[in-house]
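Quick note on numbering: the numbering used here labels position 113 of the sequence shown as 134, and the sequence is numbered without any gaps. Glycine residues also receive a C-beta, built at the ideal position from the N, C-alpha and C atoms. A quick note: this is a predicted structure, and the numbers were derived from the prediction, not measured. Read through the structure below, which is laid out as C-alpha cells, and then see the notes.
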Amino acid sequence: MLMPSEHNTLQAAILSDFQSSESSPNLESVKFYLYTRDNAKRAEVRSMNKSCKPVFKFFKGQRKTKFLIHGFGDNVRESYMAPALRDAFLSKGDYNIFIVDWSKLAAKPWYVSAKRNTHPVAHHVAKFIDHMSITSGMKSRNVHIVGFSLGAHVAGLAADNVKCGRVKQVTGLDPALVLYESSGPQDRIDASQADLVEIIHTSGGYIGFQKSVGHRDFYPNGGVWPQPGCVVDYAAVCSHRRAYYYYRDAIVNNGSFVGVACDSYEHFLNNKCDSKKSTSIELEFRSLEDK
C-alpha cells in the first residue's frame, strides 16, 4: 500500500511480513542527537551498547528533557517534525532535546518490520533514559517524550519501560493506525504510560487513530482527513503531518488552540458542547512544566 511520508509525498509500505537476516535488530544503529541552547544547530551524536555508555558535553541534569521520535520511513537528516519541534521548544525554554534516530529499523518499504521493531527500540530508549538518570542526573519527572505516527507508539512504550521512575509526559502526534486496529495497550501508546498522555488526531480512522487513547485527546477540525488547507491530500499525506505542525504552533503561540469538552463531533457541529470546560494543548503543556 501507499503511506504518507514526512516529505509531503507517498511512500511504498509493504504489509507482508519481512524478517531480517539478523536474529534481532541492531540497536547500536539507534542514534541520540542532543541539542540545547548551547548547541542549537550542531548536535552531539551518540549511540549506546553494553560496552559504550554515552556521555554528553552539553547535557545538564537540572534541565527538563524532551525526546523527539520520528515515524516510519523517516530519518533525522530529512525529518520535518524533529527540527520543527526542536526549534519550537528551544524558543520557549532551556531544554535538553534528544532526537532519536531509529531510521535503520524503521526503513521503508518494510512496514511490518518497522512495527515489529517498535518494542526493542522503545526498550532501548527506556534504557537510555535510565542510564542518563543514573549518570547525569536526569529525572524521570522532567522527561517528556514526543512521537509522530509509528514513533508515537515507540514514545508510549518507552515511557512504560523506564525503571528509574514514572515519566511525566508523552505526546502522540497522530499515532499510526495501520496494523494497530486491534492492538491493546501493551503494543501501542496508551494513557497508562505516563502522568499525562496527550494525543493529537489529524487523520483519524485512516492513517491515524480516531479513538481516544490518552488522557487528553485533541481532534482539531474533527481530527479527520482531509484537514483544512490540504486541498490535494491523496492517502492523507498532508493531514497526517498536520499533527506536528499544530503542536509546534501551540508551543510557539502560547496556547492558541483551545479544546472544548464535547460528547461527539456531531454535538460540536450542532453547538451542543460545554463551552465552560475548555483546555489548551499549550496550557496543558505549561501546567506540567511549571510543577
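query, result
"Please determine, among 87, 251, 46, the residue with the shortest C-alpha to C-alpha distance to residue 127.", "46"
"Within a Cβ cutoff of 6 angstroms, which residues of the same chain sit near residue 136, ignoring the five residues on either side of it in sequence?", "200"
"Examine the Cβ distances between the stretch 186 to 196 and the stretch 153 to 165 and report whether three or more of them are shorter than 8 angstroms.", "yes"
"Should residue 97 and residue 122 be called a contact, given that it needs their Cβ atoms to be closer than 7 angstroms?", "yes"
"For a test of the three-state rule: what should DSSP assign to residue 116, helix, strand or coil?", "coil"
"Nearest to residue 230 by CA position, among 253, 210, 236, is which residue?", "210"
"Do you know offhand how far residue 226's Cα is from residue 243's?", "11 angstroms"
"Can you tell me where the beta strand (DSSP E) with residue 178 in it begins and where it stops?", "Here residue 178 belongs to no beta strand (DSSP E); instead the alpha helix (DSSP H) covers 171 to 182."
"CB residue 74 to CB residue 145, shorter than 7 angstroms?", "no"
"Assuming residue 86 is part of the beta strand (DSSP E), what are its boundary residues?", "86 to 90"
"Cα-Cα, which of 216, 154, 157 is closest to residue 181?", "216"
"Going along the chain, which residues of its own chain have a beta-carbon closer than 6 angstroms to the beta-carbon of residue 178, five neighbours each way excluded?", "143"
"Alpha carbons only, please: which of 50, 193, 67 is nearest the one belonging to residue 89?", "193"
"If you draw a straight line from the alpha carbon of residue 265 to that of residue 172, how long is it in whole angstroms?", "12 angstroms"
"Compare the C-alpha of residue 282 against each of 52, 99, 241, 139 and name the closest.", "241"
"For residue 92 versus residue 129, is the C-beta spacing smaller than 7 angstroms?", "no"
"Straight-line CA distance for residue 42 to residue 134?", "Because the pLDDT at residue 42 is just 47, under 50, the model does not fix this residue reliably, and the value given afterwards should be weighed accordingly. Distance between the alpha carbons of residue 42 and residue 134 is about 12 angstroms."
"Have a look at residue 62 and residue 183 and give me their C-alpha separation to the nearest angstrom.", "28 angstroms"
"Look at the alpha carbon of residue 79 and the alpha carbon of residue 221, and state the distance between them as a whole number of angstroms.", "31 angstroms"
"Roughly how many whole angstroms lie between the Cα atoms of residue 249 and residue 203?", "29 angstroms"
"Output needed for residue 236: all residues of its chain with C-beta closer than 6 angstroms, excluding positions within five of it in sequence on either side, in chain order.", "212, 217, 218"
"From residue 69 to residue 140, what does the alpha carbon distance come to, in whole angstroms?", "17 angstroms"
"According to DSSP, simplified to helix, strand and coil, what is residue 54?", "strand"
"If you draw a straight line from the alpha carbon of residue 196 to that of residue 262, how long is it in whole angstroms?", "11 angstroms"
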